[in-house]
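Working notes for the structure below.
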Amino acid sequence: MQAYRKLNRPVPLTDMDCTLCIEFYSMIEPVRAVQIKAQAMQTFVVVDVYVMLYSLYTIVLDVSKPLELIIPVRRQLGSEDLDPVLRSHDVLQPATRETRKLLGKAMSKRYFKRYHPILALRQPKKIYGNKLGRPMLLKNVLEETNFKFLYLIDAQSMLYPPMTSGKILVKLINATNIDRLDIPIGWTQESLQK
Amino acid sequence: MVTDRSSATYRGRWNEVNQHPQASCRAVHTCEKIIIMSLAEARSFFTIKYLLLYLDLIKNKMSNQKYLALRVCFNTSTKFNIGYNLAVRRFAPTTDERQAEQLSTILHEWPSGIFEEFGIKVMFDVLTSTSDSGSNVKHTLDILIDAWWEWCISHLIHLALTETFGTSIDPNNSKNVDACCFFQRIKKVIEVVNKSEYLQGAFEEAMLELLETYLKLFNSPQHRWSSTALVLE
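Note that the protein sequences, when read in sequence, are chains A and B.
Going by this note's numbering, the first residue of the first sequence is number 204, and it counts up by one from there.
Going by this note's numbering, the first residue of the second sequence is number 142, and it counts up by one from there.
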């Protein structure tokens, strides 16, 4: 902008564009970091990718949590050790708020849906029943064919000793938002997540 | 193995190999032997299936030609996370071929030949597979080869970002108009600054004044998401 002003040319960008630029970058960069990590060859990256996806889901894409602003210039000048700048979701630009929601939806549709108690199943009506208004599982042990996903990345990560307890998996399941329209009759969100 | 195709060394070796086809043949056979031996070592070590397959359709943006690539990954008793590109070929089925049978059947035929060449027995060796979400590739791996299939995380993220920011190649498909317009504005500005010597000079001066260093403006095609982050940087 300063370059344009120096040459007395009309500035094509506003201050709001600058804010939007930083906010968009703060969302894209963590996602891009997972993408770059996942492309690595000749190194074992499954656990790293799994943990990165977990923090993406529970921090960057969670609209109830503030977005940590990543300022590119600060990073390139090596001054990223300074205190992180957090911006609450309500204070973000309207376009960023909308985009953050859309990114969460797009990632859930493709990946995080696997932790959803209903959407991860092929025929949930054959699993979740109710008797006299009380929730009841029609099938206690689920088989591979009941799920839309294979959970290979979860299984691989849990073979790694520090992660065998499955705490991250439990946290991912608990962090899943369940739309009330998806909840079967007689069931509640709490009873589903049990 | 990473090879810098633009380097003089690479070009030199390429010419050398082309001038001496017998040497090239010997090199290929040696590589094939190494891969076959590694696979045999892994097979003798594991009592369960041990092989991960990647099948990828690549489109060359310059020539608009499609290629099919097959890669395997596995562990042996002595080495961890070994990966080999088994083969790459042009993928251009004729209209007759497309109409005669499912594309996934054509996709299945080629890897079958490669497996045979490298002594891979799909039923006993291949455990999992990864690819993009293209229905033909997925069908080939999941159903025809019968390997557990997982969506490649990088392809998945790329599609999620494209859907979110609405910057697919066709702007009419955009679901997020604000973001789409923002990116078009930013890219236009970068294009103008990079083309104008006056603006570039003033930009350099401003950078030195404000940040005491010069950071270059970077532009990228709209459909490459990793590069789009660099545009914002």
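Beta carbons are placed, not taken as given, at the ideal position from N, Cα and C, and that holds for glycine.
Keep in mind that this is a model prediction, so the values were computed, not measured.
Residues from the stretch 311-325 of chain A in contact with chain B, defined by Cβ distance under 8 Å = Within the stretch 311-325 of chain A, the qualifying residues are K312, R313 and Y314.
ask   = Count the other CB atoms within 10 Å of the CB of M255 (chain A); is the residue buried (16 or more) or exposed (fewer)?
value = The residue is buried, with at least 16 neighbouring Cβ atoms inside 10 Å.
task = Using a Cβ cut-off of 8 Å (strictly closer), state whether T302 (chain A) contacts chain B.
result = Taking Cβ atoms only, chain B reaches closer than 8 Å to T302 (chain A), which makes this a yes.
query = Does DSSP put W290 (chain B) in a helix, a strand or coil?
reply = Note: W290 (chain B) maps to strand in three-state DSSP.
task = Go ahead and pull the three-state DSSP assignment for R290 (chain A).
result = Strand at R290 (chain A).
inquiry  = Checking 8 Å against the spacing of the C-beta atoms, do G369 (chain A) and N333 (chain A) come in under that value?
reply    = No, the Cβ-Cβ distance between G369 (chain A) and N333 (chain A) is not below 8 Å.
ask   = Are the stretch 217-232 of chain A and the stretch 295-303 of chain A touching, with three or more C-beta to C-beta distances below 8 Å?
value = Touching, per the Cβ criterion.
Cutoff 8 Å: F247 (chain A) Cβ touching any chain B Cβ = With a threshold of 8 Å between beta carbons, F247 (chain A) makes contact with chain B.
ask   = Along chain A, which residues have their Cβ under 9 Å away from the Cβ of S315 (chain B)?
value = Ordered by position in chain A, no residue passes the 9 Å Cβ test against S315 (chain B), which lies about 11 Å from the chain.
query = Looking at the structure shown, is M203 (chain B) part of a helix, part of a strand, or coil, going by DSSP?
reply = In this structure, M203 (chain B) counts as coil in the three-state DSSP scheme.
key: chain B within 8 Å of D251 (chain A), Cβ atoms only   = It does not; no Cβ of chain B falls within 8 Å.
inquiry  = Please list, in chain order, the chain A residues whose beta carbon lies closer than 7 Å to that of E304 (chain B).
reply    = In chain order: A309.
task = Please state whether DSSP places E346 (chain A) in a helix, a strand or coil.
result = DSSP, read as helix, strand or coil, puts E346 (chain A) in coil.
request  = May I ask you to report which of helix, strand or coil DSSP gives I223 (chain B)?
outcome  = Strand.
key: Contacts of T394 (chain B) in chain A (Cβ-Cβ under 7 Å)   = It is not possible to answer for residue 394 (chain B), since the shown part of chain B is limited to 142 through 374.
ask   = Nearest chain A C-beta to T144 (chain B) closer than 8 Å, yes or no?
value = The predicted position of T144 (chain B) is uncertain, since its pLDDT is 35 and thus under 50; no value can be drawn from it.
task = Just mark H170 (chain B) as buried or exposed, buried being the case when its beta carbon has 16 or more other beta carbons within 10 Å.
result = That one is exposed.
request  = Show which residues of chain B have a CB atom less than 7 Å away from the CB atom of I381 (chain A).
outcome  = Taking a Cβ-Cβ threshold of 7 Å, none of the residues of chain B is close to I381 (chain A); the smallest such distance is about 20 Å.
task = Using a Cβ-Cβ cut-off of 8 Å, state whether F108 (chain B) counts as contacting chain A.
result = The structure shown has nothing for residue 108 (chain B), since chain B only spans 142 to 374.
inquiry  = Across the stretch 298-307 of chain B and the stretch 215-235 of chain B, are there enough close Cβ pairs to call them in contact, namely three or more that are closer than 8 Å?
reply    = Touching, no.
request  = Answer yes or no: does any C-beta atom of chain C fall closer than 8 Å to that of V234 (chain A)?
outcome  = No chain C is part of this structure, whose protein chains are labelled A and B.
inquiry  = Using 8 Å for Cβ pairs, my map puts V252 (chain A) next to A241 (chain A). What's the rounded Cβ distance?
reply    = The Cβ separation is near 5 Å, so the contact holds.
query = So with Cβ pairs under 8 Å, would you call E257 (chain B) a contact of chain A?
reply = By this cut-off, E257 (chain B) is not an interface position.
task = With DSSP as the reference, please indicate the residues paired to A228 (chain B) in a beta bridge.
result = According to DSSP, which records beta bridges pairwise, A228 (chain B) is partnered with B:L211.
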